[in-house]
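A quick write-up on the structure given underneath.
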Amino acid sequence: MSSDVTTDGTEMPVDEDAVLHGCPLVESRGQQVLFVARDRYLEVLRLLTDEGFAMCVDLTAVDYSRFMDRDLPEAIDAERFEVVVNLLDISARRRMRVRVQVPESEPVVPSLFDLHPGTEAMEREVFDMFGIAFSDHPDPSRILMPEDWIGHPLRKDYETGSIPVQFKGAPS
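The opening position of the sequence shown corresponds to residue 706 in the working numbering, with each subsequent residue numbered one higher.
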């Protein structure tokens, strides 16, 4: 078991039984990882922001369709998709990774835009590449693929195809 010192000077244990805001907390490669239920995602992110984790440095997703038997805390049911949010508390020099399971049958999570405006483009990218929508997002349009593109290229079941690449100055 290790511990981390919070901004108010108290130690926060990080072990297999640790919980933060009612969510399982584990340590992975020297970083705290909080597993948050989708229905509490926005609530817990607000609490973490209030505790000093004011900077969202990354928001992405993973398609675990081929790894449904991965290791997760006992209270967490594996879903096909996972949204991963990396937060920083700059004043206390702490990191927190938040992982949220997202079911294939309803791939929607609340937008963090009102809490962390810098997530606007990251959420659009996750939608574009994985098909996970963010409710209440100010601009849910595609950001990388054309608007008429069908499918989400980073899904494991996305058909790979071949699009001819034309190089500038290459012979025809």
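The C-beta atom is built at its ideal place from N, Cα and C for all residues, glycine as well.
For residue i, which three-state DSSP category applies?
i: L752; result: helix
i: D768; result: strand
i: R829; result: helix
i: R847; result: coil
i: R804; result: strand
i: D744; result: helix
i: F835; result: helix
i: P880; result: Since the first residue shown for the chain is 706 and the last is 877, residue 880 is missing from the structure and cannot be characterised.
i: P729; result: strand
Are residue i and residue j touching if we call contact CB-CB under 9 Å?
i: V813; j: A838; result: yes
i: A766; j: V831; result: yes
i: A780; j: D774; result: no
i: R703; j: G757; result: Residue numbering for the chain in the displayed model covers 706 to 877; residue 703 lies beyond these limits and cannot be assessed.
i: S816; j: H842; result: yes
Buried or exposed: where does residue i fall if 16 or more other Cβ atoms within 10 Å of its Cβ makes it buried?
i: T865; result: exposed
i: V790; result: buried
i: F835; result: buried
i: D713; result: Per-residue confidence for D713 stands at a pLDDT of 40, beneath the threshold of 50, marking its modelled position as unreliable; no derived number is given.
i: S840; result: exposed
i: R734; result: exposed
i: R771; result: exposed
i: D768; result: buried
If you drop the 5 nearest sequence neighbours on each side, which residues of the same chain put their C-beta closer than 6 Å to that of residue i?
i: P884; result: Residue numbering for the chain in the displayed model covers 706 to 877; residue 884 lies beyond these limits and cannot be assessed.
i: V762; result: N791 and L793
Ordered along the chain, which non-local residues of its own chain (more than five positions away) have a Cβ less than 8 Å from that of residue i?
i: R847; result: R829, F832, D833 and W854
i: R751; result: L820
Which same chain residues, not among the five before or five after residue i, have their C-beta less than 7 Å away from its C-beta?
i: V807; result: R743, E784, F786, E787, V788, V814 and I837
i: L753; result: L792 and M801
i: M760; result: L792, L793 and I795
(message) So, does the stretch 722-740 touch the stretch 816-830, judging by three or more C-beta pairs under 8 Å?
(response) Too few Cβ pairs lie closer than 8 Å, so no.
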